[in-house]
Every structure is written in structure tokens, then in C-alpha cells.
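Just so we're aligned: the sequence shown equals residues 1 to 1061 in our numbering.
Even for Gly, the Cβ is constructed at its ideal location relative to N, Cα and C.
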Amino acid sequence: MKNYSLQSNTYVIKNYDKLPPFSSFLSGLAGVKGIPLWVFYTNRGQGINSFGIHNKDNAIMEFNPANTAYENTPLKGFRTFIKLDGKYYEPFRTMGKQIERNLYIRRNSIKIEEINKDIGLHITVKYFILPKERIGALVRKVEIKNRDKQEKDMELLDGMPKIIPYGIHNGAFKEMSNLLKSWTEVKNTENHVPYYTMGASSDDSAEVTEIHGGYFYASVINGQVIPIIYDPDTVFSYDTSLVNPVGFMEHDIDKLMNLPQYYVNKVPCGFTPLKMKLQPLKTQEITSFIGYAGSPGQVNEKLEEFSKEEYKDRIEHLADEIVDDLTKDVKTHTSNPVFDQYIEQCYLDNFLRGGYPFVFGKDKNKSVVHLFSRKHGDPERDYNFFSIAGEYYSQGNGNFRDVNQNRRNDLFFNKDVGDFNIKTFFQLIQIDGYNPLEVRPSTFTVKRDCNEKVKELLQEMAGRESVKLQKVIDRNFTPGQIANCIARYNIAIKGSEDELLTEILACCNQNMEAGFGEGYWSDHWDYNMDLIENYLSIFPDKEQELLFQDISYRFYDSPARVLPRSEKYVISKNGVRQYGALVHDEEKLNRPGFQKEGSNWLKTKSGEYVETSLMVKLISLALNKFSTLDPYGMGVEMEGGKPGWNDAMNGLPGLFGSGMAETFELKRMIQFICNVVRGSSEIIIPMEIGDCLIKVSETLKSAREENWDDFTYWDRVAAIREEYRENTRFELSGTNRIINTWEIYSIFCNFAEKIEDGIKKAVHYGNGIVPTYFTYQVSDFDQVVDKEGNPVISHYGLPKAIVKKFTVQPLPSFLEGPTKMLSTIEDEETAAGLCSNIKNSELYDRKLKMYKTSVPIEQLSMENGRIRAFTPGWLERESIFLHMEYKYLLSMMKAGLYEQFYKEMQTTLIPFLSPEVYGRSILENSSFLASSENPDPKVHGRGFVARLSGSTTEMISMWIRMFMGGRIFTYDNGELKLHFEPKLPGWMFDEKNETSFTLLSGCTVKYRNEKRRDTYGKNGVKAVKILLEDCGKAVHNNALSGELAEKVREGKISNITVILE
């Protein structure tokens, strides 16, 4: 019997508790105007292993890493205790041959069921987030059905053995729960809804504050709010192990409920009691709401609604509807329903990390916020501190690289996003080419000249209550804070809340909030070009406006700086290394006006923000990266202290490491610059950038004319870069330099030639597969000494060194380098040759027929990074890291290798894998699959670390290319064109010879292929007719032009049929 199957839009896992453990989560979506919770589940016990609000510090049920969650969930998760005709039984925990347990996974809910044939009960438990309410809650709906034809006497307790009172941080609870239980308070018991909080703050400081807010537990049975047992001693008596509910086992419900309850000096619980006669073939329902509210009153005012049957039915339907309304943006129909569902799941998981773009207003008064996002933290990613704002219009935090790549395709689904993402991520690029790690939720500040206008607006729309709203907007605020204020105080708004928000935000500056984090990765900037290319695929007619006309781009100003070589080249016991590359710039931090905890932007000497065009930002970024090419001119140096995409290669910066993946991205950026600056015009560039550009250009010219060796060129350019960084460390002069575009073109063409030379050299080192990484061994150096001959010690604590010569050391093959190279190859034969080399190498897992992150790396030293300490076939070491494998597949498509792509797709894309091997829903991605390199054959091909990864955006990019081809809109000779050039195999068309997808979120495009042939290759069918069903027009072509193309882009056409022949 198969344990895994798709039933409509529900993924079913039979006998889930006997299968390999996995961890996942509810999407946590409560709607735009709802309060999200984070909720994690596993296929053990009753599913939920932890949940809470805001972040893991605010856990209602204790947060556990995955390995301990698998152990704890059956005991410390939700529990149900039953006495049936006097005999004790615990569903979802008691073992038995006649017991079947199944798990049903939907996009915004899960359901578990137990069918116990021995005692004649069928129990189901469904979980979902309370949608569109001012309080956040996990809804738990328990149904107990009597399968027999005899009445059953039933007593029951259903709930949680432990509830952490609000105000106790999860980490503190793990380490000091015995102390912190002394602060426990349980309020509101007179209303039958315990409210769990702390009496006061627990910090050991002079200032003691009250705790505002608390968790609640409310249960409804047959329209009545049921008193909750909150004292664990009442339930478990002397069994502190929580294994057996001794109190319940020894006493009937009536006696238990008459026992006095005490919450003091203990960790409280929450159990719903029930005593009844369960009639034959009848079902009893218990609906519980467990969550967070700002006060007991906020919960109490909802109790009447909670008790209504129609309310419970409505919220259950709403929970599904919320997600369906979002994922319909990618509604897809092919011959494979699993693939169709998979695309929607990828889209959902993609915006859960990157955010779902929500647009207030239009045109110049437009504001974009990305809702529902969160850093990828969960039981399998226990190292990440995630944050999901528990407010309306909820936003979360994320890392620069992650958020950037997951927003790559925003414009394909919402054209009103415009250049917002481009501006966000290019403004976060610093004057030195690096960027902050953390991207925080956007905030807003009322413009100075709009203060009175906004004040009058609030008075007009909110009356006397406007004072409360004014307090919110007197500082930086989020849309959610305004909406929450309105909800908390029941403020009556004249007109709609959306109108109020839109008008307020139109009077505000939107603040891009970010934080330095912990270092400068060498690859974060890689993803910026994707944003530009995707923008121009939708708005090719706005290229000049995008690149040259908007001159309000800023430079993020970080408190950390990269040190010059003289401060970070040191002598260790293993030789000369690059350690201590970064320092927090105390001098900058102490300068007037620099916000130590806020977001800062580079200024001129006169105190004005440095502002320029996107073109200049591109030139600055490309210049910075070109100036960090390694001593052999091949890879981009990791001189900022962090590696690239593969975090586990964390030792490479110390070994003077460089990456070829970044070189191919630099090549792409420089080619783009060369393509768009042709023609005669002028570009205004800040003097410091312009001077550095000319110096590097002249140095390259001299190196060629005078035939310098690689080290001499590298040393001279590095010195120019270091001088430039020192000159721009605190501010810019405010003066500009004017450079002709033909000169820019000439300079960057020369840069491109230098890069090509480095690529050729790198390919030679790789014997057909370009290396991803190089390290450099110092073969000649001088120790730095003072006047007395004593070693000069660096801030890192080691003696300084001056390097005089490097020797390159290519690392074994990793997949990333050749993947990036493949995407730049324009010749299909050359591209196919590279793919053949990769498949014939140890990068290919022949057992799984998938692609690994690298070949075996046993010969590498531990100095290269923690990857070397990992088990082969696990985490980043020689595993199937889905994000990189999907990048490789996308690169195949970019290279035009569609036939090869669809062959590989059958064994590499998750929906085509065997779920029995994958070990979880094949609608959901994992970060990695254990490869056949792993010494444990039982885990080969199994997915680990659920859902939120870059693989989702790669899949969405592949989906777009599958259904639209390599180009969407183009602009030629003043005319806009929309092209229909699908790259689909014949087998993806259904029995009606049709397939369909959603274009730009609102237009259903149906392809009709009567011959059911491939739509690519020499014999592939092509579009010959386009039928616009909304306006009854037929176009005999493979593209729409002019007004018709514009109408599609504007969302004025909702149905298109394309005939393929």
C-alpha cells in the first residue's frame, strides 16, 4: 500500500507516525488584516510541536529543534486523554495493530486522524490559524466519532501539558524555567478562558515593568465556552514525567472540576474537560482557540462569536480561501496534477520568505510593502532567529541574499511593484560594493511639509480618537501599527481603513530598514542583476528611465568596514592567512548623526545624502568587484571575511579564497553596462568613484602595454581600491565628475576582456569543468616589524605580514561555478558539452540521478570550512542541495538545452520523485536531499530542512520560461510586443491537447496543441494564432503588438488562447 498520495489539493500521508520523521510548518497566514502565528509540526504525536507569536522567544508551546521535537511532541505537544466506558486510552499515542493514523496536509492547515477499530472511535484533529481577526490564535478542531452502533460513556481531557506564560523567553525558559515559574500568573479564569502571563518583567535591573499581553486558551463545545483546567497537578497528579494523567485516570471529570486549582510556582497547562454519552455513529466536536491577545478583554469580547457554529465554519473556510486567493497568481493546468499543485506550493513558499508585494496608492504616491515574509527559521533551522510581526499587514525580517532572490519574479505577478525591488537592493549596496546582511520590514515617516495635512486628515477621519493614531505616526511606523491601533481601540473611521492608510502613506517617506548583521558575503550582489533583467522583461520601454532618469539612489552606510591588506594579512601557525578582515568602525559610530541601531545612508561633507542614478550604482558595483579579482585574475576575492553562496566554506576567506561564480556574475553585469551605454552622452559620477574608475582603467592599460605579471597588476589595483575605501570611509566630497558614455563603454569593454582571460585560465585549471573556488598559498612574504625589529601585531592578535607572491590552489569541483558559467554560454553545442562533462563527473549522483553540491572533498583540510567536518552527503557537503541543482536546471534552459532539461526534470524535480524515498510531501521543497555519498543508505534521497529556500524562486523562473520562453515583452522601433514562445514537452498537454497557466496574475493563457508535440527543437510546434477572447480578436502571429500587448500588461485582458502548429 502506498503511504503517500495527492487527493485533490490535499496531500495524504498514511500511517504517518511509522514513517521517517520530518518537520514542517503551517504557512501562518491570517490574511492582510489578521494576526499571524508561527506554527511548526512533525509527523509524530498530534502533530504540532511548537507555536507562538512574533518570534521563537514568544513561544506558547516550547520551541524545540527538530531532533528533540520528534522526541517531545507525543508527550509535550497536544494530548487527548479518554476514558471510554471506564477504560483509559490515549489516541495518537497508544499502540495497536487495529489503529490507523493519517496526516492530511493542505497549504494553510493540517489534519490528523486516528481510526481505532478495537474501540470503535474515529478521531480527527484539524489545525489552522484564526483568519482576519484582531487577535492571533491557533484553531484546534477535534472531532470524535462513535463508529459503533452502541452508545459509549466517554470522559475526556484535551489540550496542552505546558503553556509558557507570555513574557518568558523561550531560551530563558529552557535554562531557568524553575526560577521563571515564580512569575507565573493566570488571569480571567472567571470567564472560563485562562490568560497566561507574567506578573512583571524578570530582568535583574532597577527598572521593573509590567507585562502587557498574554496567551489564552478558549474551548467551545456545543455552543458553550467550557472551563479550562490550568493546573497541571489536577491532570497529572504525582506523575511529573507527564506520561500518565494520573489525576484524570483516578477521578471522574466532575470530581476533577471541583478540585481547587493553583497556578502559582508552576508551569500551567490548558485542558478542556468533557463528560458525555457518545451516541452510535454520532460525532462530538471540540473547538479550541489558543493564542495571544493584548488583554483579557480582547478575548472575552470574541467569546460569543467563538461559540457560534456558523462562525467556526466560516473561519475554517476562510483559512483555505486566504491562501487560494494568493496562489491563484500561478494557477497552472497540465497533464500532471502533482506538478500543478507543486507550482502553487512553490509560489506560496517563495513569498513566505521574500514577502508578497502589497501596493498602496498609485504612480508617484505608491508605496510597496512585502507581507507575510519571515527569515527561514524552524526546528530544522534552529540556528536562525526568525521574526513574523504579530500585526495587520505583517512583515518579517530576512537576509539580503534570501529576500533579494525570492523577490526576483515579483513583477511577473504584480507590475505595480515597478522598480521598488531594484531601488531597495541597489540602495543597500554600499560605496565599497558590499551590503548589510539583514533586511528589515519597511517603515514610514511623515514628510515634514505634510505634518499638518496628515494631522487634519486624522482629525477628519477619526475624530477625537485621532490622538491615538497621531502617537503612532509621530515616529517611524508600519501600516500594521496604524491598523492595529484602529482595531485595538475600536476607532470608527469615516470612509475605509484602506483609504486612510493610502492617504497617510502618500504623505510619507518609505524607509528601507537594514542592519549590518555579521559580515560581508562575496555573492550577495549577484542577485541584483536578476531584478533589472526581469524588470526590463516586463517594461522594456522604460530602460532609459530606469537607468538614467531617476537620480535618487543612495548608498547604505554600514558601521563595519573591510580592512586593508596591511591590517588583515597575518602569520598563523599554518602560514600566512587573511584573518580579522572586518572591524566595527568606532570612529564612524561615534560621529554626530550616525544611528548605531538604525539605517544610515552615505552623506556628503555638507550633510546631504549622496544620490545618483541606477547606472552609476551599476558602475560603482562593477568597479568594486572588478577591483577584487584574485591575484591570478580569475575569481572574485572573499576579502570581506565571508564566502559566497555556500556558507559552509567559511574557511576560504582566511585562505585568500576567491569564487568563479561571482566572476560570471560580474561578466554579466559588465556586458549589460556595455550594452546600455552605447551612444554619445554624458554620465555624472561622484568624483571619488570616477577617479577610482579611471585609475583602475589606466592600471589595466599599463599592465597590458608593459606586460606586467599578474601579481603586480593585482597589487596595484588593490592599492587603488584601498585608497578609494579610505577616501569614502566617512563621506563623499559632494563634487562630481562627468564622463562620456563612449569612455565608459571603452573602459568596461577592457574590463570584460580581462575577465574573459581569467575565465579561460580558470577553465584550464578545471580540466573541462571550471572550478568554483580557488585558494592561494603565500609562497613569499615579509614579516612586518617595528623599528626595534619586533613583530607588529594586528588587531586579530597575530603578527602582520606583507605578501610578495601567491601560488594558486584550485579546489575540487563544486556545482555552482559551472552552473553560473552555463548560463552565460550562448552556443548550444558548447553548453551541451559542459553539461556532458558535469554528468560524467562525480558531481552526478548515479544512484539518485541528481546533482550534488560537489565531488568528494575528503582531501581538503579542515581549514577550508565546516563543510569538511560534515558527513558526506549531508548539509552542504556532497548533498543534493536543491537550490543549486535547480539553478543548474535553470541554466540549462537559459542555454537553450530544453531537450536535456526535460530529461533531467524527470529525476531532479521534486514532484517527479518517489515520495517513499523523499520521505515527505512531494509538493514541498527541502533545502537538501541526502545523497548516495551518505554512509547511511536509509537516508539516500530523503529531503531535509523544509520549504523556505531559494529553490522556490528558481522553480518559478523555470515555470515562466516553460510557459513563455526566454522573452516576454520586447520593445523594438517604438513598439511594444508580447511574445508567446512556450518551451513545453508534448506530454505536458492533457487529453484535450491543452495546457494553461496564469500570465501576470490575472490572465489565463491556454495553449492548444492538437498534435501534442514538443514546442521546442527543430520539429517543435510554434504559436500561429492568438485568440483574445475578451475582445473577440484573432492575431495570426506568435506575438501581440502595440495596443494589444499594452492591454495585456495593464490587466485588461483575462483570457487568451494560443494555437500551436
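- Scanning Phe173, Arg464, Leu546 and Met669 for the CA closest to the CA of Asp530 turns up Met669.
- Under DSSP, His122 shares a beta bridge with Ile115 and Lys145.
- Here Asn399 is buried, its C-beta having at least 16 other C-beta atoms within 10 Å.
- Taking the Cα of Glu863 as reference, the smallest distance to any Cα among Gly651, Glu731 and Val945 is reached at Gly651.
- Each residue's CA atom was taken as its position, placing Asn837 and Leu37 some 47 Å apart.
- Of the candidates Gly519, Leu281 and Lys366, Leu281 places its Cα closest to the Cα of Glu143.
- Cβ neighbours of Pro227 within its own chain (closer than 6 Å, five residues either side excluded): His192.
- Boundaries of the beta strand (DSSP E) harbouring Met61: Ala59 to Met61, taken from the DSSP string.
- Between the C-alpha atoms of Gly418 and Lys695 there is a straight-line separation of about 36 Å.
- Secondary structure remark: continuous beta strand (DSSP E) runs of at least 3 residues inside the stretch 392-467, in chain order: 443-446.
- The shortest C-alpha to C-alpha distance from Glu250 to any of Asp647, Ser237 and Ala293 is the one to Ser237.
- Look at Asn1055 here: in three-state DSSP terms it is strand.
- From the listed residues Tyr724, Tyr88, Lys275 and His376, the smallest Cα separation to Cys692 is found for Tyr724.
- Counting the other CB atoms within 10 Å of its CB gives Tyr918 a total of 16 or more, which places it among the buried residues.
- Ranked by Cα distance from Leu411, the first of Ser537, Trp742 and Arg381 is Ser537.
- Contact annotation: Pro161 and Thr184 have beta-carbon atoms that are not nearer than 8 Å.
- Judged by DSSP secondary structure, Ser537 falls within the alpha helix (DSSP H) whose first and last residues are Asn528 to Ile538.
- In the DSSP secondary-structure assignment, Arg877 is bridged to Trp874.
- Ranked by how close their Cα comes to the Cα of Asn300, the residues Ser241, Val225, Pro686 and Asn509 have Val225 in first place.
- In terms of Cβ geometry, Arg440 and Gly354 do not form a close pair [threshold 8 Å].
- Inter-residue distance for Asp757 and Met634 is about 8 Å (C-alpha atoms, whole angstroms).
- About 17 Å separates the beta carbon of Thr871 from that of Phe814, a gap too long to meet the 8 Å contact definition.
- By the criterion of a C-beta distance shorter than 7 Å, Phe289 is surrounded in its chain by Leu130, Ala137, Val139, Ala218 and Phe306, once the five residues flanking it on both sides are discounted.
- Between Thr612 and Tyr553, the C-beta gap is smaller than 8 Å, which places the two residues in contact.
- If you check the CB distance, Asn397 and Lys375 come in under 8 Å.
- Pairing Gly817 with Val855 gives a Cβ-Cβ distance that is not under 8 Å.
- Counting C-beta atoms within 10 angstroms of its own C-beta, His370 has 16 or more neighbours from the protein chains shown and is therefore classed as buried.
- The beta-bridge partner set that DSSP reports for Asp972 consists of Glu975.
- The Cβ neighbour count for Tyr11, taken over all protein chains shown within 10 Å, is at least 16; the residue is labelled buried.
- DSSP places Phe128 within a strand segment (E or B) once states are collapsed to three.
- Shown here for Lys887: same chain residues with a beta carbon closer than 7 Å to its own, the five before and five after excluded, namely Thr819 and Glu954 in chain order.
- Here the alpha carbon of Phe980 sits roughly 40 Å from the alpha carbon of Phe386.
- For Thr10, the uninterrupted beta strand (DSSP E) segment begins and ends at Thr10 to Lys14.
- Gly519 and Ala1034 have their alpha carbons spaced roughly 56 Å apart.
- A distance below 7 Å between beta-carbons, with the five flanking residues on each side excluded, links Gly495 to the following residues of its chain, in chain order: Met461.
- The C-alpha of Phe626 is placed about 17 Å away from the C-alpha of Glu743.
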